[in-house]
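Enquirer: Handing you this structure, nothing more for now.
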Amino acid sequence: MTVEEVFSGSVHDVAPRLLGYTLLRDGVGGRIVEVEAYAPDDPASHSFRGRTNRNGAMFAQPGTLYVYRSYGIHWCVNVACEPEGTGAAVLIRALEPTHGVAAMEARRGTSNLRALCSGPGKVAQALGVSADDDGRLPWVKPFALLDSGERLPYLTTPRVGITKAADLPWRYVVRGSVWTSAGPRRASP
DNA sequence: TATGAGATCAACT
DNA sequence: GTTGATCTCATAC
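Shown next as structure tokens:
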């Protein structure tokens, strides 16, 4: 699959497709096991109020990385999606550590594998992502995006940590993965 | 195990 | 002046 194909379609096509892809920065990273979709006209999305200086990358070509500071402390990583220019994006929430584990342990200050990449702020810290990476493309160095060829079974659950449209089940989690964040691992009844 | 507070800042109103 | 697409640690059960 070409990178154009990977990021084609709506966020609800792209989000589950990304599960199983391996995201690396400087050869360090892992397999994506948890994402969240942020649709156009989504009140929970940073792009809801239109394009601003901060969220400009969300409106760029599909695949563009949108990196922002959260709660003054953490960085969070998104990829822009089609339709281009609408601010649609997918938030990378968790990775299964596979590449450069030692480097991630050093950056995260822990050797607990389960705590390396199990949350959006942790993923950014483990890969060393910062504002410098805003607007870059995940298949261009220092990043790399690898297709595992697998289509992993997944569940959808409500998104985590938002206050608007919190009931929409737009969080995509690899079924049975132990590498996801602390949110629900199965859809609520 | 569960819950709550503090950290810390850029963008937005 | 307010607000987070969060994480960690401390304290309580």
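At position 4 of the first sequence the residue is numbered 4 (our numbering), and the sequence of numbers has no breaks.
Just so you know, even glycine gets a beta-carbon here, dropped at the ideal spot from N, CA and C.
None of the values given here were measured: they were computed from a predicted structure.
(1) Just curious, the beta strand (DSSP E) that Leu-24 is in, first and last residue?
(2) Answer yes or no: do Glu-36 and Arg-159 have a C-beta to C-beta separation smaller than 8 Å?
(3) Which term fits Ile-92, buried or exposed, when burial requires 16 or more other beta carbons within 10 angstroms of its beta carbon?
(4) Give the single residue among Gly-109, Gly-128, Val-101, Asp-42 whose Cα lies nearest to the Cα of Asp-167.
(5) Using DSSP's beta-bridge definition, name the partner residues of Glu-84.
(6) Mind checking Ile-32: buried by the 16 CB within 10 Å criterion, or exposed?
(7) Jot down the residue ranges of each uninterrupted beta strand (DSSP E) in the region 80-147, minimum 3 residues, whole runs only, in chain order.
(8) Could you name the residues of the same chain whose beta carbon sits closer than 6 Å to that of Thr-110, not counting the 5 residues immediately before and after it, in chain order?
(9) I need the straight-line Cα distance from Ile-162 to Trp-170, nearest angstrom please.
(10) With a threshold of 16 other CB atoms inside 10 Å of the CB of Ser-148, please say whether the residue is buried or exposed.
(11) Helix, strand or coil: how does DSSP classify Gly-56 here?
Expert: To lay it out plainly:
(1) Position 24 of the first sequence, counting from 1, holds the residue named residue 24. Boundaries of the beta strand (DSSP E) harbouring Leu-24: 22-25, taken from the DSSP string.
(2) Residue numbering aside, residue 36 sits at position 36 when the first sequence is read from its first letter. Residue numbering aside, residue 159 sits at position 159 when the first sequence is read from its first letter. Result yes, Cβ atoms of Glu-36 and Arg-159 sit closer than 8 Å.
(3) Indexing the first sequence from 1 puts residue 92 at position 92. Ile-92 comes out buried.
(4) Here residue 167 corresponds to residue number 167 of the first sequence, with the count starting at 1. With distances taken between Cα atoms, Asp-167 lies closest to Asp-42.
(5) Within the first sequence, the letter at position 84 stands for residue 84. According to DSSP, residue pairing for Glu-84 in a beta bridge does not occur.
(6) Numbered from 1 along the first sequence, position 32 holds the residue referred to as residue 32. Taking all protein chains shown into account, Ile-32 has 16 or more neighbouring C-beta atoms within 10 Å of its C-beta and is therefore buried.
(7) Within the region 80-147, the runs of beta strand (DSSP E) that reach at least 3 residues and sit entirely inside it are, in chain order, 89-99, 143-146.
(8) Mapped onto the first sequence, residue 110 falls at position 110. Around Thr-110: no qualifying Cβ.
(9) Locating residue 162 in the first sequence gives position 162, where the first residue counts as 1. Locating residue 170 in the first sequence gives position 170, where the first residue counts as 1. CA-to-CA, the gap between Ile-162 and Trp-170 works out to about 12 Å.
(10) As a working mapping, residue 148 is identified with position 148 in the first sequence. Exposed is the call here.
(11) Residue mapping note: residue 56 aligns to position 56 of the first sequence, counting from 1. Gly-56 sits in a helix when the DSSP states are folded into three classes.
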